[in-house]
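In our numbering, the protein residues as written are 246 to 464.
Read the structure below first, then the notes.
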């Protein structure tokens, strides 16, 4: 039921035959997000987004159509019978898996930097300690630190066998001519997780005051 699916993410109140809530896809103070149980659709009269339960999961969790179907199938114990993929679909799926594996690796490296290196503890942990964060909270959300040395992460990832093309595609690294360097050097790192816990990307906050450097940066 679409109401059951969406209520996991959006508080809804019954209004007549439909349900109403604040749209999760844009900022609004007056509810314009409507869910129709009879039609099995949602529609926001503010931003115009419309769809069914699968479309909602795709939009809200940034999942592909098959991934959204699998998520709902697991949640509601529905067996999914998969068709054989074409070579193009296999290659695309393999590439996505490779990017997710690399992002997970990066999250582990950044967390290790924060808790197990001198630079991470004196710079990164000190920053969070000043703001009252406990280590248990930082570990729960896999918060990390990217070393100030400009190519520290990129070199480590390449030496561990990760492909340069994937480093660039994830946005973790940048290439200038023949030089590969880190996008997030000298920043505390906030991984962005999917509903299933996979790391999809990162946000990073720089710790040094520099007018030429963006305070916040996202992959």
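Ideal Cβ placement from N, Cα and C applies to all residues, glycine included.
Collapsed DSSP secondary structure at residue i in the structure displayed
i, result
"residue 283", "coil"
"residue 265", "strand"
"residue 391", "strand"
"residue 495", "Given a span of 246 to 464 for the chain in the structure shown, any question on residue 495 remains unanswerable."
"residue 248", "helix"
"residue 372", "helix"
"residue 452", "coil"
"residue 254", "coil"
"residue 328", "coil"
"residue 414", "helix"
"residue 516", "Nothing about residue 516 can be read from this structure; the chain reaches only from 246 to 464."
"residue 320", "helix"
Own chain residues within Cβ distance below 8 Å of residue i, not counting five before or after
i, result
"residue 316", "302, 306, 308, 440 and 441"
"residue 444", "345, 348, 349, 351, 352, 387, 436, 437 and 438"
"residue 299", "310, 313, 314 and 317"
Limits of the unbroken alpha helix (DSSP H) element including residue i
i, result
"residue 358", "332 to 361"
"residue 383", "380 to 385"
Residue burial classification, residue i (beta-carbon count within 10 angstroms, cutoff 16)
i, result
"residue 287", "buried"
"residue 222", "This structure cannot speak to residue 222, because the chain is shown only from 246 to 464."
"residue 333", "exposed"
"residue 290", "exposed"
"residue 455", "exposed"
"residue 251", "buried"
"residue 407", "buried"
"residue 200", "Because the chain in this structure spans residues 246 to 464, residue 200 falls outside the shown range and cannot be described."
"residue 428", "buried"
"residue 356", "buried"
"residue 399", "buried"
"residue 371", "exposed"
"residue 459", "exposed"
Own chain residues within Cβ distance below 7 Å of residue i, not counting five before or after
i, result
"residue 411", "343, 344 and 347"
"residue 277", "268, 289, 290 and 291"
Terminal residues of the beta strand (DSSP E) in which residue i lies
i, result
"residue 462", "461 to 463"
Beta strand (DSSP E) runs wholly inside the stretch 417 to 445, at least 3 long, in chain order | Taking only runs of at least 3 residues, the beta strand (DSSP E) segments lying wholly in the stretch 417 to 445 are 418 to 421, 424 to 427 and 432 to 438.
Starting from the N-terminal side, write out each stretch of the beta strand (DSSP E) that is 3 residues or longer and does not extend beyond the stretch 270 to 315.
-> Annotation: the stretch 270 to 315 contains the following complete segments of the beta strand (DSSP E) (minimum length 3 residues), in chain order: 278 to 281 and 286 to 289.
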